[in-house]
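Student: 153 is the number of the first residue of the sequence shown in this note's numbering; add one for each residue after it. Where is the CB? At the ideal position from N, CA and C, for every residue including glycine. I'd like to ask some things about the structure below.
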Amino acid sequence: MNNILELAGRFALPGAVASAAPFGNGHINSTYLLSIEGAKEQFILQRINSYVFVRPREVMENMLHITEYLQARIREEGGDPERETIRLIPSLNGKPWVEDGEGEVWRVMLCVPDTVSPQLPDDLGVLEECGKAFGCFSRRLLQYPAETLHETIVDFHNTPARLQQLEDAAAEDACGRLKDVAEEMAFARAREAETRVLTEKLAAGRLPLRVTHNDTKVNNVLLDRKTGKAVCVIDLDTVMPGLLAYDFGDAIRVGACSAEEDERDLGKIRLEMPKYSAFARGFLGEIRSELDEEELLSLEAGARLMTLENGLRFLADHLKGDKYFRIHRPGQNLDRARAQFALLQDMEDHQQEMRDALMQMS
Ligand code: GN1
Ligand code: MG
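Okay, here's the thing in structure tokens:
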């Protein structure tokens with residue numbers, strides 16, 4: 153912890169750091185909550201995972217530009233720029249990050265007060281607010297010049313490339329685990345054609361490239377503790393040019409699933425249509441007028457593709473020996489992959505209903 157306190161002390165905080173405690177449940181970065189002597193605000197200190205983000209400075213540049221842009225939009229809309237997006241705290245020498253002795257990049261952000269992040273919400277009102285939060289984020293960035301953003305992880309939501317990465321991991325079989333996952337490999341391979349539906353439409357110019365968040369788990373939304381209303385979205389590491397379907401889809405994968413991402417009892421896993429519709433209502437309420445029918449219906453494909461893609465990634469990481477996603481028990485990435493595939497199966501069985509629900513909202 154000494155090291156953490158020393159690092160925190162290198163940022164322009166309003167006082168001395170009183171305590172630092174591990175915080176949150178992300179799979180990638182290391183996160184601490186900082187309390188400051190004599191100050192009521194708290195702050196988040198985070199080390200960017202350099203195995204995942206090979207150019208962390210580019211992550212920080214994107215984040216700086218996006219948050220400054222959002223602050224200007226929020227001011228124009230009469231909102232509160234301190235609350236409705238992330239505020240980065242500069243280092244003592246005025247830089248948006250600090251590098252430690254090993255070259256790792258650290259940042260500090262204001263912890264937005266009086267907010268909560270939903271974990272596995274059952275309340276449809278909460279899901280609608282999550283939809284609003286991500287829809288509003290996309291809407292505010294509609295005019296942002298997407299091509300000026302760094303691609304912080306190349307091919308992040310390129311589902312065909314994700315299938316190829318799984319094939320590469322299987323060919324290497326670094327940990328001798330391939331023999332136990334024949335069924336999962338067959339499930340993935342049977343969907344090879346499916347992996348291409350969105351990338352092909354993008355290439356053909358049938359879907360527009362937008363600035364997207366790309367990691368829209370509902371716990372990346374902050375809601376007001378008292379009113380339950382959406383306040384902001386966090387975790388801007390993967391903001392890049394992308395498809396709206398990725399943002400809608402990844403949120404559905406997590407928020408409209410009946411069980412946790414690593415549920416081992418596959419019988420418990422299904423897509424909950426009321427949750428799906430509630431999120432869609434919030435999301436489309438913000439951005440529907442910008443979408444043509446093709447993009448509207450792409451949202452349904454996005455839910456299936458993001459579920460498939462996360463399954464492919466968890467399975468590949470299991471084969472590689474759990475190098476990317478942090479695990480808390482042996483086999484957890486395989487459990488995560490199986491849960492994603494079970495959810496996808498249920499989505500495939502309800503595809504028409506999912507499309508109809510979107511059409512009814514137009
Ligand atoms: C990672 O760290 P976290 O939980 O915000 C991952 C997402 C996955 C998610 C699966 C940069 O997000 O893409 O969907 O785990 N983030 C990155 O839970 O790879
Ligand atoms: Mg993330």
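Return yes when at least one heavy atom of the ligand GN1 lies under 7 angstroms from the C-beta of His470, else no.
Tutor: Flag unset: Cβ of His470 not near the ligand GN1.
Student: DSSP state of Cys282, grouped into three classes?
Tutor: The answer is helix: DSSP assigns Cys282 an H, G or I state.
Student: Could you check if Glu474 belongs to the surroundings of the ligand GN1, using beta carbon to heavy atom distance under 7 angstroms?
Tutor: Strictly speaking, residue 474 in this sequence is Asp, with Glu absent from that position. No, the ligand GN1 has no heavy atom inside 7 angstroms of this Cβ.
Student: Rounded to the nearest angstrom, what separates Leu186 and His302 at their Cα positions?
Tutor: Each residue's Cα considered, the two are about 29 angstroms apart.
Student: Is the beta carbon of Ala491 sitting closer than 8 angstroms to the one on Gln317?
Tutor: Contact: no.
Student: Report, in whole angstroms, the separation of the C-beta atoms of Thr364 and Asp325, which I expect to be a contact under 8 angstroms.
Tutor: Wrong, their Cβ atoms sit about 34 angstroms apart, outside the cutoff.
Student: Taking 7 angstroms as the line, does the beta carbon of Thr267 fall inside it for any heavy atom of the ligand GN1?
Tutor: Checking every heavy atom of the ligand GN1 against the Cβ of Thr267, none is found closer than 7 angstroms.
Student: Which residues in the same chain as Gly283 place their Cβ atom closer than 6 angstroms to its Cβ, once the five residues preceding and following it in sequence are excluded?
Tutor: Correct list, in chain order: Phe431, Gly434, Phe435.
Student: Starting from Leu496, trace the beta strand (DSSP E) in both directions and tell me its first and last residue.
Tutor: From DSSP, Leu496 is part of no beta strand (DSSP E) but of the alpha helix (DSSP H) over 484 to 501.
Student: Note down, in chain order, each residue of its chain lying with its Cβ closer than 6 angstroms to the Cβ of Arg416, except the 5 sequence neighbours on either side.
Tutor: So the list reads Asp487, once near-sequence residues are dropped.
Student: Identify which residue in Gly253, Arg259, Ala355 has its Cα closest to the Cα of Leu216.
Tutor: When only C-alpha atoms are compared, the closest one is Arg259.
Student: Report whether the distance from the Cβ of Asp402 to the nearest heavy atom of the ligand GN1 is below 7 angstroms.
Tutor: Yes, the beta carbon of Asp402 sits closer than 7 angstroms to at least one heavy atom of the ligand GN1.
Student: Which whole-angstrom value describes the C-beta separation of Gly463 and Leu395, a residue pair presumed to lie in contact below a C-beta threshold of 8 angstroms?
Tutor: With 8 angstroms as the limit, Gly463 and Leu395 do not qualify as a contact, their Cβ atoms being about 19 angstroms apart.
Student: Sort Val268, Ala323, Gln223, Gly407 by Cα distance to Arg292 and report the nearest one.
Tutor: Comparing Cα positions, the closest option is Gln223.
Student: Going residue by residue through the region 202 to 235, where are the continuous alpha helix (DSSP H) segments of at least 4 residues, counting only ones entirely within it?
Tutor: You should have 208 to 228.
Student: Tell me whether the beta-carbon of Ala390 lies closer than 8 angstroms to the beta-carbon of Ile479.
Tutor: The sequence given here places Thr at residue 390; Ala does not occur at that position. The answer is no: Cβ separation not under 8 angstroms.
Student: Just to confirm my understanding: we take Leu471, look at its own chain, exclude 5 residues before and 5 after, and list those with CB closer than 8 angstroms. What are they?
Tutor: Leu318, Ala321, Ala322, Glu324, Asp325, Ala326, Cys327, Arg329, Leu330, Val333.
Student: Quick one: does the C-beta of Thr390 sit closer than 7 angstroms to a heavy atom of the ligand GN1?
Tutor: Yes - the ligand GN1 has a heavy atom lying nearer than 7 angstroms to the Cβ of Thr390.
Student: Does the region 180 to 195 come into contact with the region 350 to 359, if we say contact requires no fewer than three beta-carbon pairs (one atom in each stretch) closer than 8 angstroms?
Tutor: No, because fewer than three Cβ pairs between the region 180 to 195 and the region 350 to 359 fall closer than 8 angstroms, the two stretches do not touch.
Student: For Lys369, is the classification buried or exposed, using 16 other Cβ atoms within 10 angstroms of its Cβ as the cut-off for buried?
Tutor: When all chains shown are included, Lys369 counts as buried.
Student: Taking the alpha-carbon of Leu443 as reference, which of Met511, Glu229, Arg422 has the nearest alpha-carbon?
Tutor: Nearest option by C-alpha distance: Met511.
Student: Here's the rule: buried if 16 or more other CB atoms are within 10 angstroms of the residue's CB, otherwise exposed. What is Met458?
Tutor: So Met458 ends up on the buried side.
Student: Does the contact criterion of 3 or more C-beta pairs under 8 angstroms hold for the region 228 to 247 versus the region 419 to 426?
Tutor: Touching, no.
Student: Can Val264 and Leu375 be called in contact, C-beta distance under 8 angstroms?
Tutor: The answer is no: Cβ separation not under 8 angstroms.
Student: Using the rule of at least 16 other Cβ atoms within 10 Å of the residue's Cβ for burial, across every protein chain shown, is Tyr203 buried or exposed?
Tutor: Answer is exposed; the Cβ neighbour count stays below 16.
Student: With hydrogens ignored, establish whether the beta-carbon of Phe477 is closer than 7 angstroms to any heavy atom of the ligand GN1.
Tutor: Answer for Phe477: yes, Cβ within range of the ligand GN1.
Student: Can you tell me which residues form a DSSP beta bridge with Pro174?
Tutor: For Pro174, which the question treats as bridged, DSSP gives the partners Tyr184.
Student: Which of helix, strand or coil does DSSP assign to Phe431?
Tutor: Of the three classes helix, strand and coil, the one that applies to Phe431 here is helix, per DSSP.
Student: Please confirm whether any heavy atom of the ligand GN1 lies closer than 7 angstroms to the CB of Ile200.
Tutor: No, the ligand GN1 has no heavy atom inside 7 angstroms of this Cβ.
Student: Taking Gly394 as part of the beta strand (DSSP E), name the residues at either end of that continuous run.
Tutor: First-last of the beta strand (DSSP E) with Gly394: 392 to 394.
Student: Is Gln503 buried or exposed, if buried means 16 or more other CB atoms sit within 10 Å of its CB?
Tutor: Exposed, by the Cβ-count rule.
Student: Apart from the five residues on each side of it in sequence, which residues of its chain come closer than 6 angstroms, Cβ to Cβ, to Leu165?
Tutor: These residues qualify, in order along the chain: Ile188.
Student: Among the residues of its own chain, which have a CB less than 6 angstroms from the CB of Asn201, if the five just before and after it don't count?
Tutor: Only Ile180, Asn181 meet the Cβ criterion.
Student: So, at 6 angstroms on beta carbons, what are the nonlocal neighbours of Ala313 in its own chain, with the 5 sequence-adjacent residues on each side left out?
Tutor: The residues are Asp307.
Student: Rounding to the nearest angstrom, what Cα-Cα distance links Gly176 and Arg465 in this structure?
Tutor: Gly176 and Arg465: Cα-Cα distance of roughly 22 angstroms.
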